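Undergrad:
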Amino acid sequence: MNFIAIDFETANEKRDSACSIGLTVVKNNQIIEQKYYLIKPNELRFTPINISIHGIRASDVKNAKTFDQLWPELLPYFTNNIIMAHNAAFDLSLLRHTLDAYHIPYPNCRYGCTMILSRNFFPHLENAKLNTVNHHLGLEFNHHHASADAHACANIVLKMQEELQCADLEELCQMAGLKLGTLHDAGYIPAKKLKKTVTSKRNFTPSPLPFISSKSDVFKHKTVVFTGTLKSMSRLSAIQLISQLGGTVGSSVTRKTDFLIVSHPAVYELQPHEMSTKLKKAIELIYKGQAIQILNESEFLEQLTK
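Numbering (my numbering), first residue to last: 2 to 307.
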């Protein structure tokens with residue numbers, strides 16, 4: 002089975018703002034190569050929410066190649082290969098928009114989506130997020146680093162192959178309910194879900210929520226708000242966890258908020274323009290005398306053991 006898994010991270014909300022790409026090359030069911038590149042986007046604007054997700058800042062990419070400068074090195078990986086991505090609709094849209102921005106022709110390749118495959122093959126999971134699926138498969142990784150995410154995407158396909166023992170990736174996708182999409186110089190045909198699919202026979206036991214002390218009452222009768230993407234658990238798991246401990250989760254920061262959990266590890270090093278709206282609001286209320294505790298993810302997990 003041969004394919005290349007990719008993942009992009011972006012500087013801001015625009016689909017042509019790629020700031021990094023990771024590639025994992027699989028040949029004969031073995032990972033043989035991994036590549037990672039920082040990319041200098043056309044507009045050197047990094048939003049706080051994006052920084053909180055991947056940790057890349059404008060200063061990290063100021064000396065990196067722009068996408069058009071990097072493309073000659075990337076092109077061989079895309080040409081006449083099958084590209085896999087988790088939420089391929091996003092990654093392939095980003096690729097197309099970025100190529101369009103530089104007036105670069107599309108490569109000829111086929112592509113598939115491991116998010117669609119995961120929804121079909123692991124229907125018992127609470128969601129098909131990359132970290133959820135890999136956790137179910139017993140794999141840990143540094144989520145939202147493009148190289149690690151590409152590797153995690155490849156591992157999903159390889160774990161499915163271990164169970165299905167298909168002749169090639171096309172057969173695996175067919176069995177797991179995915180029609181491969183196509184990218185070519187004249188345009189593209191999106192990948193899509195098929196009606197008929199097989200499901201995993203892998204035994205599934207819901208993972209216990211991590212780091213919980215049954216005696217912990219730190220969040221009991223407290224209102225907790227989250228901002229950013231947690232690495233240790235999904236947002237749904239975090240909400241269930243707080244509920245289990247007797248607290249409630251708010252959708253926005255108000256005077257009733259007791260805790261704000263921020264995914265970024267260095268909360269107090271963020272500049273104002275790098276802060277999320279929730280973090281700015283919490284700081285504003287703290288200055289006004291409101292007793293809101295701001296915790297990063299590690300501090301949040303420490304509280305769960307008390």
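All residues carry an ideal CB built from backbone N, CA and C; glycine is no exception.
As the structure is a prediction and not an experimental result, all values here were calculated from the model.
By the 10 Å Cβ neighbour count, where 16 or more other Cβ atoms means buried, how is L93 classified, buried or exposed?
TA: With 16 or more other Cβ atoms within 10 Å, it is buried.
Undergrad: Looking at C-alpha atoms only, which residue of K289, N297 and V254 is the closest neighbour of E270?
TA: The shortest Cα separation from E270 among K289, N297 and V254 belongs to N297.
Undergrad: Does DSSP put C174 in a helix, in a strand, or in coil?
TA: helix
Undergrad: What is the DSSP secondary structure of N297, counted as helix, strand or coil?
TA: strand
Undergrad: Are the beta-carbon atoms of A59 and I40 separated by less than 7 Å?
TA: no
Undergrad: Determine the direct distance from the alpha carbon of G290 to that of I117, and round the result to whole angstroms.
TA: 47 Å
Undergrad: Pick from P77, M85 and A129: whose alpha carbon is nearest that of Y107?
TA: Out of P77, M85 and A129, P77 has the C-alpha closest to the C-alpha of Y107.
Undergrad: Between which two residues does the beta strand (DSSP E) containing A1 stretch?
TA: Residue 1 is absent from the model: the chain starts at 2 and stops at 307.
Undergrad: Suppose you measure from the CA of H145 to the CA of C114; what does that come to, to the nearest Å?
TA: 17 Å
Undergrad: Are the segment 181-191 and the segment 145-163 in contact at 8 Å, needing three or more beta carbon pairs?
TA: no
Undergrad: For S18, which three-state DSSP category applies?
TA: Correct three-state label for S18: coil.
Undergrad: Whose C-alpha, out of V27, I22, S21 and T11, is nearest the C-alpha of F4?
TA: V27
Undergrad: C174: which of T198, G188, P191 and C154 sits nearest, CA to CA?
TA: T198
Undergrad: Out of N128, V219 and I83, which one is the CA nearest neighbour of D259?
TA: V219
Undergrad: Can you tell me whether V254 is helix, strand or coil according to DSSP?
TA: coil
Undergrad: List the residues that DSSP assigns as beta-bridge partners of Q31.
TA: DSSP lists K28 as partners of Q31.
Undergrad: Between A90 and P191, which are expected to be in contact by the criterion C-beta below 8 Å, what is the C-beta distance as a whole number of angstroms?
TA: 7 Å
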